[in-house]
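Its first residue numbered 41, the sequence shown is counted upward by one per residue in the numbering used here.
Virtual Cβ for every residue (Gly too), placed ideally from N, Cα, C.
Accompanying notes for the structure given below.
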Amino acid sequence: MSTPAEKPVWVDVKAILKISLISSIGDLPPELAASVSLEEKNYIAEIQRRGLLPFAVTPHFASLARPEQDDPIRRQFFPDPREALPDPCALNDPLGEYRFRAAPRLVHQYRDRALLLAAGTCAGYCRHCFRRVWLSSVSSNGMEELQPELAYLAAHPEIREILLSGGDPLTLDNAVLSDLFRRLREARPGVLLRVCTRVAITEPLRLDSETIALFAAFRPLRLAVQINHPRELSAPSRAALAACVNASIPIHVQTVLLRGINDDPALLAQLFQNCLDLGLSPYYLFQMDLAPGTAHFRVPLKRGIAIYRELGGLISGPGLSAYAVDLPGGGGKIRLHENVIAGEKTTPAGNVYVLKDSNGGEWYYPAGDEIYS
Ligand code: SF4
């Protein structure tokens, strides 16, 4: 496993984003730097020592944060010592993606779509990231060797859509992206490309006219953008998203339900309304996956269901994302509502809810709301 010292992510993406990621406290805006506690400093040192998900944030995203430790923007990028607390439910591969690896960088779990792990870096790291263990260990950002992935795609015509994720594919430069799109389309002519990204929020200038023209050249192509809080929709982000919409690039919004950040029906309604106003389509509201070091972000499942029920009365149908969870360990996505909880069990990892998939299979999700509250 490589360590952050072996994988200088801020160097990898600097030429592409045209900025240096902030990766030390001294480079934060002065008010934020002054707000860092000794415990937080010690934890950042521990992250570096242990090769955990790096601390790195774009200057733009850091500029949106306020110094309070519970600020919803600060919490999304600033390492929290609670990440180090034990979590008996944590899974290194919370979505069970290794089970569905068809090739080293290709996951084929659903019949008609496949996921390409197109990049090993991001424009800053979200502390709630479900792929944080993979991101901490991947040693290459590049897509030099794709033969097994392309051969698999060519041999599986049932795949109608390819999701490009990682990492953030927009930490690859446009020449590399263009070559990647071209090779995917050669393997599977006409396949729909879905580019999953957070740069529209963390480094909106990355979505410049050249990049948008690249997207337009490879239609059918859509973006899936993670947006978690109304304050993330800064003026530059709104401009970047509007430019994509004006270029007829469809944009789906994915939101992670995060404890103390957006676990409030009125706030989510505001977020989704803002997205609708910009011409974006709210798509998924995700219950947290069980990645290590993220339990303090987890909204108790029954509370999430109650929040979603209330949210339904605050926003029109087109603005209401589907509330869903990836069943831990590889069960796939299911929509969440009261009736999916089939029971409760005590396991060595604590009390869990029993969730049923569409085939009647049983999957477990932690029931307790006491963890790190
Ligand atoms: S941008 Fe996506 S892949 Fe990257 S750290 Fe955030 S959630 Fe994870």
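Can you say whether residue i is buried or exposed, counting buried as having 16 or more other CB atoms within 10 angstroms of its CB?
| i | result |
| --- | --- |
| L263 | buried |
| D110 | exposed |
| S64 | exposed |
| M41 | Confidence is the limiting factor: at M41 the pLDDT is only 40, short of 50, which leaves the residue's position unreliable, though a coordinate-based value still follows. Classification of M41: exposed, given that the 10 Å Cβ count is below 16. |
| P134 | buried |
| A45 | Bear in mind that the predicted position of A45 carries a pLDDT of just 45, short of 50, making it unreliable; the figure below should be weighed with that in mind. It counts as exposed. |
| H336 | buried |
| T334 | buried |
| L78 | exposed |
| P119 | buried |
| G66 | exposed |
| Y83 | buried |
Going by beta carbon distance, what residues of the same chain come within less than 8 Å of residue i, once the five residues before and after it are set aside?
| i | result |
| --- | --- |
| I113 | F101, L104, A105, R106, H269, R271 and E272 |
| V394 | I381, A382, G383, E384, K385, E402, W403 and Y404 |
| L232 | R200, E201, I202, P260, L261 and R262 |
| N391 | E384, K385, P406, A407 and G408 |
What does residue i pair with, by DSSP beta-bridge criteria?
| i | result |
| --- | --- |
| S321 | H292 |
| Y363 | L325 |
| E384 | Y393 |
| A154 | I202 |
| Q266 | Q294 |
| I87 | In DSSP, I87 forms no bridge with anything. |
| K373 | D366 |
Kindly indicate which residue of the options has the alpha-carbon position closest to the one of residue i.
| i | options | result |
| --- | --- | --- |
| R122 | L146, P134, K81 and G164 | K81 |
| T291 | K58, A275, P260 and C129 | Checking the sequence shown, residue 291 turns out to be Ile, not Thr. Of the candidates K58, A275, P260 and C129, the one whose C-alpha sits nearest the C-alpha of I291 is P260. |
| V178 | H148, L193 and G206 | G206 |
| S7 | L125, S75, L135 and C162 | Outside the shown range of the chain, which is 41 to 413, sits residue 7, and nothing can be said about it. |
| V293 | L316, G300 and A280 | L316 |
| E250 | P119, N214 and I267 | N214 |
| Q88 | A124, G400, T295 and L232 | A124 |
| L341 | R349, A407 and A306 | A407 |
| A55 | V216, V76, D67 and S77 | V216 |
| N399 | I374, T387, N391 and V392 | I374 |
Looking at ligand 2, does it come within less than 7 Å of residue i, judged from the CB to the closest heavy atom?
| i | result |
| --- | --- |
| Q266 | In the structure shown, ligand 2 is absent; the only ligands present are ligand 1. |
Could you pull out every residue in the same chain whose Cβ sits closer than 7 Å to the Cβ of residue i, ignoring the five residues on either side in sequence?
| i | result |
| --- | --- |
| T237 | D208, P209, L210, L263 and V265 |
| L297 | D303, L325, F326, Q327, M328, V339 and G344 |
| R223 | L186 and L190 |
| S176 | G91, L92 and L93 |
| A159 | N181, G206, G207, D208, P209, T211 and L212 |
| H377 | I345 |
| V53 | L61, T161, A163 and T211 |
Looking only at its own chain, which residues have a Cβ that is under 6 Å from the Cβ of residue i, when we skip the five neighbours before and after it?
| i | result |
| --- | --- |
| H148 | F140, A142 and A154 |
| A389 | P128 and C129 |
| P276 | P244 |
| F221 | F258 |
| A331 | P134, F170 and R172 |
| G8 | There is simply no residue 8 to check, as the chain begins at 41 and stops at 413 in what is shown. |
| A227 | L190, L193 and A194 |
| T43 | Its pLDDT being 45, under 50, T43 is placed unreliably by the model, and nothing is read from it. |
Are the C-beta of residue i and some C-beta of chain C separated by less than 8 Å?
| i | result |
| --- | --- |
| L245 | The structure shown contains no chain C, having only a single protein chain. |
Query - Segment contact flag, the stretch 315 to 324 with the stretch 359 to 366, C-beta cutoff 8 Å, min 3 pairs - result: Contact holds: three or more Cβ-Cβ distances are below 8 Å.
**Report entry** Validate contact between the stretch 234 to 245 and the stretch 207 to 224 using beta carbons, cut 8 Å, 3 pairs
**Finding:** Segments in contact, yes.
Query raised in the report: Three or more C-beta pairs closer than 8 Å, one from the stretch 146 to 157 and one from the stretch 283 to 300: is that the case here?
Result: no
Report task. Indicate whether the contact test is met: 3 or more Cβ pairs, each with one atom in the stretch 161 to 171 and one in the stretch 187 to 200, closer than 8 Å. Result -> no
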